[in-house]
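Quick note: the sequence shown uses the working numbering, first residue 132, plus one each step.
Beta carbons are placed, not taken as given, at the ideal position from N, Cα and C, and that holds for glycine.
Structure record follows, encoded as structure tokens.
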Amino acid sequence: MSDLKPCPFCGGAAVIEDGENFLVRCNTCHATTCDRSSERSAIYEWNTRTPPKVKPLEWDGRDITHLGSTIRSKGWLAEYFITKEREDLFALYWGEQNGVELGDFKTEQQAVDFANADFKRHVLEALA
Ligand SMILES: [Zn+2]
């Protein structure tokens, strides 16, 4: 009877736990609903839950046309750096300019998209 939607935070599968009350818990990130007196209301709460919207990163230094130039994300929690290493190679770093390399990308936009997705995942995991 349980048609539980995937976790709104991480996409993981969820299960119903029943004891004195009912709640739904994600198997992956352990996000839960509140305790509910009926299974139905726990499922309803889970299935209608929406994750908060995460604002995309903002970047300092939009100009990344020259080889070796770098743009840097502003904001709390994490800093990302994208350095143009060749015409078709943009390296994405996390933490500091030559910190943890998250990947190489053919375009600046691909690196920006990856950084935004990584940032969003960290924020949602922290909230779950
Ligand atoms: Zn989850």
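Alpha-carbon spacing of residue i relative to residue j, whole angstroms
i: L255; j: S204; result: 18 Å
i: P137; j: A144; result: 5 Å
i: M132; j: F236; result: Residue placement at M132 cannot be trusted, given a pLDDT of 46 that sits under 50; what the coordinates show is reported in the next sentence. Cα-Cα distance, rounded: 45 Å.
i: R171; j: L188; result: 38 Å
DSSP-derived helix/strand/coil call for residue i
i: E227; result: coil
i: K215; result: strand
Chain-order list of residues whose beta-carbon lies under 8 Å from that of residue i (same chain, five-residue window excluded)
i: F140; result: C157, C160, A162, P182, L255, E256, L258, A259
i: S200; result: G192, D194, T214, K215
i: D311; result: Any answer about residue 311 is impossible in this case: the structure gives the chain only from 132 up to 259.
Neighbourhood of residue i by C-beta distance below 6 Å, restricted to the same chain and skipping five residues each side
i: F221; result: I213, K215, F236, E239, A242
i: Q228; result: F212
7 Å Cβ shell around residue i - same chain, five flanking residues per side excluded
i: N152; result: D166, R167, S168
CB of residue i within 9 Å of CB of residue j, strictly
i: I147; j: A173; result: yes
i: F250; j: V185; result: yes
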